[in-house]
Every structure is written in structure tokens, then in C-alpha cells.
Amino acid sequence: MSFVEIDDIAQFSVAGFTLNTEEKAALKNSLVLKKDQEKLSHLSFWGKIQGVQRDYYLAQSWDKSLFERKYYYSVDLINWLQLPELTPQEASQTQLIQTRFSGDPAFETTLAKAGPEDSDVVVKEEKRLAGVISSINYQIEIVPRGAYYRDRNMNILLNPSFKGLDASQISRETHYLHFRPGFDPSVKTLSERENTFDESIDIFGSIESDSPKGVWSIHAEETTALVRNLEWPGYTFIHTTQPLKFGGVYFGTGQRNQNIGFLL
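In our numbering, the protein residues as written are 5 to 268.
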């Protein structure tokens, strides 16, 4: 899946992201315990957001639907608390905050009033955490083309026949797809993939069409690819074919690069 197990975190050391031995041991044990306590079908490590006072360790769970997720945070590597679900308005409000995370889930940020008669809008940091995770997942979570397929009942499933991207594909943006629902192939998409389009596996949009051009960076060798997003510094996706693995994690401050359009 695009989800990462704690044992696979070592692969991300090439990107400068890692967890020390104590962190990995504590996370592995506490996530197993949380999964059992809550009777969750799936629970995986999502990443780490660096706060001024403390860091947030983050995890996500899902059941039958890959895209209906719950998010959890821990500041002590032991106790995991579920983040609140946001309304569309609350999610939009979290995107207005650009400062560093404090590391205190109860910390409050007061947003600027839209007008003199408007009331103050106060956003708790735990809601901002939920908003940032959701934004990153929707905007930049990716999978290799062919890793998932859609069956006759329209279910999206892990493809057991996927052997990994070959040497001619592994460095191409066309073979990395946004891992999110709602993809509707346009005439442009169909014309671009005229000879290669496969409705069973072309179920997500390619990152090739993302703007601004150059927002994705791919460093690839024959059997390994390291994919980074420059709009959300800290997100890294790794795909290897020997052994076959793929997944992404986030290690960063939780701040979007607002100047990306001027840098590319």
C-alpha cells in the first residue's frame, strides 16, 4: 500500500528522514496496542510533524474504504489520541494558519476577522493537525501506476500482479498517480495515454499534470525511486522493486511552501 510500516522507515534515511532505535521500538509497540484496543482493521505510521515545544507522531487507520480514514497523534510515543473530524469550513480555516506548530494540542490560534462585524475564529492545534494531514493526503499522497486496480464492483484493491515499475517507467511522472478518489479521465488524459490507457489500473490522476511544473522531484536508479514534493517539503515517497515495496511518509514542520510558484 502507500502506507508504511515502522520496520520500513529505515529506507527513508537516504532522504534524511529517520527514527532512532528508541522511537521505532516505542512506536511499534504502542501502535500494535492501539490497534488491538480500538479493534482497528489497519493502523499505520503516517509521519512526524516537528513542533516548537514538542513533536507530533502521527498515524492513520482505515477499514474497507482506503480513503475514509481516522487520524491519531502522540507526543510521548505511548499514548495515542484520535484527532477530530473537521467540517469543510473548519478544514478551510486550518489552511489559513502558516506559523509553526507549537507542540501543544490545546494551543489556540485566532484568525484575522474577515470583516469588522465578524466574530473571532479560534482554531485549536489538534484541529489544525487534522486539517494538515488531510490536505497532504489529498494533495500529494501517491502510488505507482498499476499498484491498485478497480474490480467489476468498483472496489479499489491492491493489485497482486503488480511487480513494480520497470527501468523505463520508474523515473517518469506519468507512472506515479495521486492516491485519492474521484478521478474522471478527461479527453486530454485519454489522448495522452492513447496506446497505454487501461481502465482497470488508470484509476487515479497522474502527477505529471500538477502545477507548477517541477513541483515533483524524482531521483531514480534502475530498481529504486525517491520521489519528493516541493510544495510540501518533508513528504517523501520511495518505490523499490527488489524487494517490492512502496510508500510515503512525512517528516517536516507541517507548513506548505507558499512561494513554490516563484521558485520554479
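Built from N, CA and C at the ideal position, the CB exists for glycine as well.
Asked: Can you give me the C-alpha to C-alpha distance between residue 194 and residue 201, rounded to a whole angstrom?; Found: With a pLDDT of only 49 at residue 194, under 50, the local geometry of the prediction cannot be trusted, and no value is derived from it.
Asked: Measure the Cβ-Cβ separation of residue 240 and residue 21 and say whether it is below 9 Å.; Found: yes
Asked: Just the Cα atoms here: how many angstroms apart are residue 50 and residue 252?; Found: 8 Å
Asked: Might you give, ordered along the chain, the residues of its own chain that have their beta carbon closer than 8 Å to the beta carbon of residue 88, omitting 5 neighbours on each side?; Found: 130, 131 and 134
Asked: If I measure Cβ to Cβ from residue 27 and keep anything under 7 Å in the same chain, skipping five residues before and after, which residues do I get?; Found: 81
Asked: If I'm right that residue 148 touches residue 71 with Cβ under 8 Å, what's the distance once you round it to whole angstroms?; Found: Actually they are not in contact, since the Cβ atoms of residue 148 and residue 71 sit about 18 Å apart, beyond 8 Å.
Asked: Among 136, 25 and 45, which has the Cα closest to the Cα of residue 236?; Found: 136
Asked: If we ignore side chains and look at the alpha-carbon of each, how far apart do residue 234 and residue 221 end up?; Found: 7 Å
Asked: In three-state DSSP terms, what is residue 148?; Found: strand
Asked: Rounded to the nearest angstrom, what separates residue 180 and residue 211 at their Cα positions?; Found: 6 Å
Asked: When the Cβ atoms of the stretch 90 to 108 are set against those of the stretch 145 to 162, are three or more pairs found closer than 8 Å?; Found: no
Asked: Is residue 256 close to chain C, meaning its C-beta is less than 9 Å from at least one C-beta of that chain?; Found: In the structure shown, chain C cannot be found, because there is only a single protein chain.
Asked: With distance defined between alpha-carbon atoms, name the residue in 265, 254 and 266 nearest to residue 17.; Found: 254
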